[in-house]
Amino acid sequence: MTTNTPPTSGVQLIEVAPELAGQRIDNFLITALKGVPKTLVYRILRKGEVRVNKGRIKPEYKLQAGDIVRVPPVRLPERDEPAPVAQGLLQRLEAAIVYEDKALIVMNKPAGIAVHGGSGLSFGVIEALRQLRPDAKELELVHRLDRDTSGLLMIAKKRSMLRHLHAALRGDGVDKRYMALVRGHWPTSKKQVNAPLQKSNLRSGERMVEVNDEGKEALTMFRVLRRFGEYATMVEARPITGRTHQIRVHTLHAGHMIAGDSKYGDEDFTREIRDLGGKRLFLHAYQLTVPLPDGGELKLEAPVDDMWAGTIKRLATEP
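So the sequence shown is residues 19 to 337, counted in our numbering.
Following this line, the structure appears as structure tokens:
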């Protein structure tokens, strides 16, 4: 294999040596571009930036001796950049993207992944996406989800979209709906919890939120989705305001704590749901409706993960 330019510094033209004939182009590039993440290799292939004998090829193309492979410039992280996110997590997040255009990414965020680094975490969703989309220089979170909450998360690729969505969030233009599995029989008549919330920090530094008359106004609308006898209820929660831990604290205030909530939950209920395989917080942002700058509307739904689905199936068959 011969190259006439230094790796990753510009366009490379690589002639395929006879001993490499028959190798797939994707495996060839992974070897040739040492240190370059596989996700980046597959992206340049998918976008048609890699050419063989001046023509586009598919990732499964098998090379022939003498082929000339054109490889585009590939930007590697500088030494002072954050440590790269593990490939397995990058691939998981890439697969979690449910919508993407020139200005917006919407992801079905897995439970247990923080939206940003900090508090002892070197990275979160936003850091991973900056690695996955190095050309998107203005990537910013539009809003946040708690680390243990799964579901639809918006990331703006352009400042104009970020400003547009922040304005929509301040008004009533964005409709976000969550599913939560709560303890006990949630009354059909209980359609809202209107209780002000106040943040406080414990001595350990952990942030807690509580209902307090001196706190900020907070309103959540609720609707029963499914019952599991008197034992548990699946509710839909639609936060009208956007306070920290709002749904979790409002369900606690209503006396129906969310399964798997280590801060505001019920230990016995959480343990019983864990015994059914539910080792997570049962709060999922499943539906999102947002206005687009062109006057259109984007409406998305995100499925729950296998652990959630399996636990609900087992719960439904409990005597």
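Every residue, glycine too, gets a C-beta built ideally from N, C-alpha and C.
On a predicted model such as this, the values are computed, not experimentally measured, just so you know.
Item checked: the stretch 215-231 / the stretch 309-320 touching (three or more Cβ pairs under 8 Å) -> The stretch 215-231, when compared against the stretch 309-320, does not touch it at the 8 Å Cβ threshold.
Notebook entry, point to check: For L159, which of E145, L318, P91 and A255 has the nearest alpha-carbon?
Noted result: Scanning E145, L318, P91 and A255 for the CA closest to the CA of L159 turns up E145.
Next item on the list: Below 6 Å CB to CB, which residues in the same chain sit around M125 once its five sequence neighbours on both sides are set aside?
Entry: A114, I115 and L171
Note to self: In this structure, how does DSSP classify A250 when only helix, strand and coil are distinguished?
What the structure shows: strand
Checklist line | Contact between the stretch 315-330 and the stretch 227-242 (3+ Cβ pairs under 8 Å) | finding: no
Notebook entry, point to check: Relative to the C-alpha of E235, which residue among K209, V242 and T262 is closest?
Noted result: Checked all of K209, V242 and T262; the closest Cα to E235 is T262.
Note to self: Per DSSP, what are the beta-bridge partners of T238 in this structure?
What the structure shows: V211 and P257
Next item on the list: Provide the residue span of the beta strand (DSSP E) that contains N126, from first to last.
Entry: L122 to K127
Notebook entry, point to check: Closest by CA to Y304, which one among A272, M197, D286 and Q82?
Noted result: M197
Check: Where L220 and L310 are concerned, what is the direct C-alpha to C-alpha distance, given to the nearest angstrom?
Finding: Going by the C-alpha atoms only, they are around 40 Å apart.
Notebook entry, point to check: Starting from Y60 and walking both ways along the alpha helix (DSSP H), at which residues does that stretch end?
Noted result: K56 to R64
Item checked: Reduced DSSP category for D98 - H, G, I as helix; E, B as strand; rest coil -> For D98, the pLDDT reaches just 47, beneath the cut-off of 50, and the residue's location in the model is therefore unreliable, leaving the point undetermined.
Item checked: For V267, the first and last residue of its enclosing alpha helix (DSSP H) -> Per DSSP, the continuous alpha helix (DSSP H) segment holding V267 begins and ends at Q264 to H271.
Margin query: Taking the straight line between their C-alpha atoms, what separation do you get for T307 and I75?
Written below: 38 Å
Check: Near D193, what residues of its chain come up, given a Cβ to Cβ distance below 6 Å and the 5 sequence neighbours on each side ignored?
Finding: T307
Check: From the DSSP output, which residues share a beta bridge with R151?
Finding: None, per the DSSP bridge assignment.
Next item on the list: Put Q305 into one of helix, strand or coil per three-state DSSP.
Entry: DSSP, read as helix, strand or coil, puts Q305 in strand.
Note to self: If I measure Cβ to Cβ from D284 and keep anything under 7 Å in the same chain, skipping five residues before and after, which residues do I get?
What the structure shows: R201 and M275
Checklist line | Burial state of T238, where buried means 16 or more other Cβ atoms lie within 10 Å | finding: buried
Margin query: For D85, count the other beta carbons within 10 Å of its own beta carbon; 16 or more makes it buried, fewer makes it exposed. Which is it?
Written below: buried
Notebook entry, point to check: Going straight from the alpha carbon of L333 to that of T288, what length do you get?
Noted result: Per the coordinates, the alpha-carbon of L333 lies some 13 Å from the alpha-carbon of T288.
Next item on the list: Would you tell me roughly how many angstroms separate the C-alpha atoms of A185 and S178, rounded to the nearest one?
Entry: Rounded to the nearest angstrom, the gap between the Cα atoms of A185 and S178 is 11 Å.
Note to self: To the nearest angstrom, how far is the alpha carbon of R61 from that of T269?
What the structure shows: 43 Å
Item checked: Distance, P91 Cα to L51 Cα -> Here the alpha carbons of P91 and L51 stand approximately 11 Å from one another.
Next item on the list: Can you have a look at D166 and say buried or exposed, based on whether 16 or more other CB atoms are within 10 angstroms of its CB?
Entry: buried
Item checked: Whole-angstrom distance between T206 and E254, CA atom to CA atom -> 12 Å
Notebook entry, point to check: So, A277 versus G296, is the Cβ gap smaller than 8 Å?
Noted result: yes
Next item on the list: Quick one: using the 10 Å Cβ neighbour count with 16 as the cut-off for buried, is V143 buried or exposed?
Entry: buried
Item checked: 3 or more residues per run - each beta strand (DSSP E) lying fully within the stretch 160-228 -> 168-174, 193-201, 210-212 and 215-219
Notebook entry, point to check: Near L299, which residues of its chain fall below 7 Å by C-beta distance, leaving aside the five closest residues on each side in sequence?
Noted result: A129, D166, T167, I276, G278 and D279
Checklist line | Under 8 Å between C-beta atoms of A121 and K176 | finding: yes
Check: Within this structure, are the beta carbons of A6 and L107 separated by less than 8 Å?
Finding: Residue 6 lies beyond the residue range present for the chain, which begins at 19 and ends at 337; the question has no answer from this structure.
Item checked: Within 8 Å, strictly: CB atoms of L183 and M252 -> no
Next item on the list: Run the CB neighbour count on R64, radius 10 Å, all protein chains shown included, and call it buried at 16 or more, exposed below.
Entry: exposed
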